[in-house]
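**Student:** Numbering (this note's numbering), first residue to last: 758 to 843.
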């Protein structure tokens, strides 16, 4: 299978995402995260929430397990992305 598969997580909620491309743009990743949050909390108003979403990847080899995602290359196949509302 070609393409990119990763997971979004927020608290105890987790969702698998697959895209056809080998890389996902940060804008598209933020949009996926926003949709994920809307699915988890449908009763909450999400107006400008997209501006407050922070995305981190889990890196178990690092002292700081959560690493801020700053480029699209930070998300590779199998990455676990933590969605944080800041």
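Cβ coordinates follow ideal geometry from the N, Cα and C atoms, glycine included.
Just to confirm the assignment: which complete beta strand (DSSP E) runs, minimum length 3, are found wholly within the stretch 767 to 840?
**Tutor:** For the stretch 767 to 840, whole beta strand (DSSP E) runs of length 3 or above, ordered along the chain, are 770 to 776, 810 to 815 and 823 to 825.
**Student:** Look at the Cβ atom of residue 810, then the Cβ atom of residue 790, and state whether they are nearer than 7 Å.
**Tutor:** Yes, these two residues count as a Cβ contact at 7 Å.
**Student:** Secondary structure at residue 762, three-state DSSP: helix, strand or coil?
**Tutor:** Residue 762: strand per DSSP, three-state reduction.
**Student:** Residues in the same chain with beta-carbon distance under 8 Å from residue 788, minus the five sequence neighbours each way, listed in chain order, please.
**Tutor:** Around residue 788: 807.
**Student:** By alpha-carbon positions, which one of 795, 763 and 839 ends up nearest to residue 781?
**Tutor:** Residue 781 has its Cα closest to that of 763, out of 795, 763 and 839.
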